[in-house]
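Peer 1: Let me begin by handing over the structure; questions about it come next.
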Amino acid sequence: MRVAKMAEKFEHQINNNRFVCLINGSEAELTYQKNGNQNYIFNHTFVPSSLRGMGVASKLSSFAFDEAQKSGWKVVPTCSYLTDTFLPKTGGKYDDILL
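FYI, the numbering for the sequence shown is 1143 to 1241, going by our numbering.
Shown next, in the form of structure tokens:
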């Protein structure tokens, strides 16, 4: 049995304060709030049930943190997925931008 690879598209939707991963018409998101000049609170991660168990949350979180790093942001993660699951697996890669 052959499984088709799903096309992932990552976007930073600045006007909506969120990072998005689009896959086959479904959408996962990581939302944030601005808290000061270059400080951002990453407050929610959502992956629809049709995309769960495929590493989408991790890929989306990596995209969001990479974009934050490139932009010189400081990040306060309040989402439990980020603090309890994602960040502990990154080996400190994003420690320089965490508040």
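Idealized CB from N, CA, C, for every residue including glycine.
Computed from a prediction, not measured in an experiment: that's the story for all the values here.
1. Return helix, strand or coil for Y1174, following the three-state DSSP convention.
2. Leaving aside the five residues before and after T1187 along the sequence, list all residues of the same chain whose C-beta is less than 6 Å from its C-beta, in chain order.
3. If you reduce the DSSP assignment to three classes, tell me which class L1240 lands in.
4. Quick one: Cα of M1196 to Cα of P1190, how far?
5. Using the three-state DSSP reduction, which class does T1227 fall into: helix, strand or coil?
6. With DSSP collapsed to three states, give me the class of Q1180.
7. Have a look at K1216 and V1162 and give me their C-alpha separation to the nearest angstrom.
Peer 2: Well, looking at it:
1. Position 32 of the sequence shown, counted from the first residue, corresponds to residue 1174. Strand at Y1174.
2. Sequence index remark: in the sequence shown, residue 1187 carries index 45 (1-based). The residues are L1172, A1199, C1221 and Y1223.
3. Residue 1240 sits at position 98 when you count from the first residue of the sequence shown. Here L1240 sits in strand by DSSP.
4. In the sequence shown, residue 1196 corresponds to position 54, counting from 1. In the sequence shown, residue 1190 corresponds to position 48, counting from 1. One C-alpha to the other measures close to 11 Å.
5. To locate residue 1227, count along the sequence shown from 1; it is residue 85. Correct three-state label for T1227: helix.
6. As a working mapping, residue 1180 is identified with position 38 in the sequence shown. Coil.
7. If you number the sequence shown from 1, residue 1216 lands on position 74. If you number the sequence shown from 1, residue 1162 lands on position 20. Taking the straight line from one Cα to the other gives about 20 Å.
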